[in-house]
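Residue numbers (the working numbering), protein chains in the order written: chain A, 1 to 249; chain B, 250 to 498. Don't be surprised by glycine CBs; every beta carbon is placed ideally from N, CA and C. Shown next, in structure tokens, is the structure this report addresses.
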DNA sequence: CCTTGTCGGATCGTTCAACAACTCTCTATC
DNA sequence: GATAGAGAGTTGTTGAACGATCCGACAAGG
């Protein structure tokens with residue numbers, strides 16, 4: 001997993017004789033290094049939100065979290081900013097940060113962008129080295145395994161990873177980041193709806209079918225199938241969402 | 250002062266009879282509200298960066314900006330976070346924030362995402378109300394006007410607005426936001442290259458042509474044209490970039 | 001009874017000052 | 001000439017403080 005963050009090295013001055021060797025170490029150290037307190041706090045909260053431990057609408061109290069996490073308010077607020085820009089928290093001026101409550105419009109919007117990105121990525125695949133499908137195979141297998149066990153939360157996780165890896169085939173850092181934000185928000189939506197089996201069961205098999213098309217190099221058919229897939233998934237999610245809204249108005 | 254002008258009725262449930270009316274007001278108040286100090290500072294810096302007043306690679310000193318802007322370091326840092334997540338600044342731990350220096354890989358990456366979004370938006374347009382093309386007409390006209398005057402910076406601005414409005418036809422908040430980030434970063438790239446005439450002149454006419462196709466409802470042909478358009482633009486930008494790199498190594 | 005104005009507690013927005021941690025540069029040393 | 005280390009300068013983080021704003025409750029008025 002190379003992270004080609006631009007413009008890091010200074011090939012200009014200095015005695016960079018054994019550069020190649022050091023470069024690798026420096027890279028590794030840096031990625032280890034890259035843990036400001038705020039980012040570690042953000043990582044922790046991100047996990048909580050994505051896993052659904054914090055219910056939608058819940059307010060994250062600064063005072064409370066400062067006590068629990070043993071960081072200063074300023075640092076905590078920086079973590080909040082990070083997550084806010086990932087769409088995992090919403091910030092209301094003078095009121096604090098909350099776990100977002102997505103509405104139907106948000107779901108439609110999320111799927112709109114999702115279709116745009118995922119379908120386009122698949123459509124543009126050609127001359128793909130089959131080795132790069134390896135992570136997708138693993139994810140599909142993980143999903144099937146989870147389904148056999150009846151662990152639909154794990155199936156959902158595998159599904160998310162499948163789609164993240166699918167998008168990664170484009171080899172674009174910015175597409176990956178956009179998709180990551182998107183899928184994280186979507187995960188929020190799944191949690192607010194519940195009913196993981198209903199939402200995930202149909203797509204264990206469809207992921208397999210999609211992957212088969214990719215293996216066969218049938219990118220156009222794969223894109224078409226993915227389009228239908230995502231429409232169906234959206235419809236299912238909206239229906240489940242409405243069911244839930246009816247129960248708890 | 251509340252005189253409910255007839256128009257809006259919500260023939261549904263509950264006591265929310267003039268819901269639509271209130272909704273609009275709430276929206277307006279909220280957007281008015283949205284003025285924390287950090288965001289105002291961010292807006293100021295954003296303008297500076299986008300307009301190219303700060304050269305790529307320049308470090309924004311906290312101490313210095315605190316003095317100039319008369320805000321606290323914490324507030325300034327929050328503004329930095331905002332811009333960092335828009336891609337307009339990069340943050341290196343313990344070293345500060347810098348105006349990004351995009352390299353060729355970044356340009357390729359930006360255009361990759363750009364093609365994905367813009368072409369897909371156009372491809373999915375159908376049954377479009379011609380009224381919604383109004384902003385695009387204005388932008389094309391502004392571009393043509395700037396070109397006549399030889400003001401290629403203004404032409405570039407008009408071009409950016411054209412593409413932002415183009416993407417807005419999808420009617421998706423998240424697509425708009427993604428495109429905004431994208432175009433802001435691209436703008437950075439244009440500045441680091443210079444040569445605005447070379448980069449913008451050809452697309453004044455092509456924007457007009459593209460718009461004509463949209464007016465005619467020929468979305469497929471428009472998408473195809475846009476695809477070529479963006480490929481050409483990318484190639485031109487890369488070539489200009491290499492020319493410049495050769496001059497200043 | 002419902003609306004409107006007022007008050008106090010709680011929380012957020014922002015500032016400030018201080019110290020710790022880190023990077024960069026320059027110098028002394030081998 | 002390369003290396004190690006000291007010092008200066010900058011960022012990272014903390015904790016406390018004060019004003020601004022939100023929220024719920026309660027009283028005054030129609």
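Please say whether residue j and residue i have beta carbons closer to each other than 8 angstroms?
{"i": "residue 407 of chain B", "j": "residue 388 of chain B", "result": "yes"}
{"i": "residue 181 of chain A", "j": "residue 362 of chain B", "result": "no"}
{"i": "residue 69 of chain A", "j": "residue 99 of chain A", "result": "no"}
{"i": "residue 323 of chain B", "j": "residue 392 of chain B", "result": "no"}
{"i": "residue 219 of chain A", "j": "residue 137 of chain A", "result": "no"}
{"i": "residue 192 of chain A", "j": "residue 102 of chain A", "result": "yes"}
{"i": "residue 38 of chain A", "j": "residue 63 of chain A", "result": "no"}
{"i": "residue 195 of chain A", "j": "residue 240 of chain A", "result": "yes"}
{"i": "residue 235 of chain A", "j": "residue 107 of chain A", "result": "no"}
{"i": "residue 123 of chain A", "j": "residue 223 of chain A", "result": "yes"}
{"i": "residue 238 of chain A", "j": "residue 86 of chain A", "result": "no"}
{"i": "residue 221 of chain A", "j": "residue 213 of chain A", "result": "yes"}
{"i": "residue 315 of chain B", "j": "residue 329 of chain B", "result": "no"}
{"i": "residue 342 of chain B", "j": "residue 295 of chain B", "result": "no"}
{"i": "residue 130 of chain A", "j": "residue 165 of chain A", "result": "no"}
{"i": "residue 435 of chain B", "j": "residue 325 of chain B", "result": "no"}
For residue i, which residues in chain B fall below 9 angstroms Cβ to Cβ?
{"i": "residue 45 of chain A", "result": "Under the 9 angstroms cutoff, chain B gives no residues; its nearest Cβ is about 15 angstroms from residue 45 of chain A."}
On the three-state DSSP scale, how would you describe residue i?
{"i": "residue 526 of chain B", "result": "Outside the shown range of chain B (250 to 498) lies residue 526 of chain B, about which nothing can therefore be said."}
{"i": "residue 453 of chain B", "result": "helix"}
{"i": "residue 17 of chain A", "result": "For residue 17 of chain A, the predicted structure reports a pLDDT of 37, less than 50, and the residue's modelled location is therefore unreliable. A value from the coordinates is still provided. Here residue 17 of chain A sits in coil by DSSP."}
{"i": "residue 346 of chain B", "result": "strand"}
{"i": "residue 309 of chain B", "result": "strand"}
{"i": "residue 133 of chain A", "result": "helix"}
{"i": "residue 47 of chain A", "result": "helix"}
{"i": "residue 399 of chain B", "result": "coil"}
{"i": "residue 335 of chain B", "result": "coil"}
{"i": "residue 245 of chain A", "result": "helix"}
{"i": "residue 447 of chain B", "result": "helix"}
{"i": "residue 467 of chain B", "result": "coil"}
{"i": "residue 124 of chain A", "result": "coil"}
{"i": "residue 231 of chain A", "result": "helix"}
{"i": "residue 201 of chain B", "result": "Because chain B spans 250 through 498 in this model, residue 201 of chain B falls outside it and cannot be assessed."}
{"i": "residue 301 of chain B", "result": "coil"}
{"i": "residue 141 of chain A", "result": "helix"}
{"i": "residue 418 of chain B", "result": "coil"}
{"i": "residue 23 of chain A", "result": "Low local confidence applies: a pLDDT of 42 at residue 23 of chain A is under 50, so the model's placement there is unreliable, and no value is given."}
{"i": "residue 103 of chain A", "result": "coil"}
{"i": "residue 441 of chain B", "result": "helix"}
Kindly list, in the order they appear in chain B, the residues whose Cβ is closer than 8 angstroms to that of residue i.
{"i": "residue 36 of chain A", "result": "342"}
{"i": "residue 178 of chain A", "result": "362, 427"}
{"i": "residue 78 of chain A", "result": "326, 327, 330"}
Shorter than 8 angstroms from the beta carbon of residue i to some beta carbon of chain B?
{"i": "residue 110 of chain A", "result": "yes"}
{"i": "residue 170 of chain A", "result": "yes"}
{"i": "residue 173 of chain A", "result": "yes"}
{"i": "residue 104 of chain A", "result": "no"}
{"i": "residue 74 of chain A", "result": "yes"}
At least one CB of chain A closer than 8 angstroms to the CB of residue i: is that the case?
{"i": "residue 299 of chain B", "result": "no"}
{"i": "residue 381 of chain B", "result": "no"}
{"i": "residue 311 of chain B", "result": "no"}
{"i": "residue 378 of chain B", "result": "no"}
{"i": "residue 480 of chain B", "result": "no"}
{"i": "residue 483 of chain B", "result": "no"}
What does residue i touch in chain A if you count any residue whose Cβ is under 7 angstroms from its own?
{"i": "residue 369 of chain B", "result": "116, 120"}
Starting from the beta carbon of residue i, find every residue of chain B whose beta carbon is closer than 7 angstroms, and list them in chain order.
{"i": "residue 85 of chain A", "result": "334"}
Inter-stretch contact at 8 angstroms, needing at least 3 Cβ pairs: the stretch 444-452 of chain B / the stretch 391-405 of chain B
yes
Could you say if the stretch 118-132 of chain A and the stretch 224-242 of chain A meet the contact criterion of at least three C-beta pairs nearer than 8 angstroms?
yes
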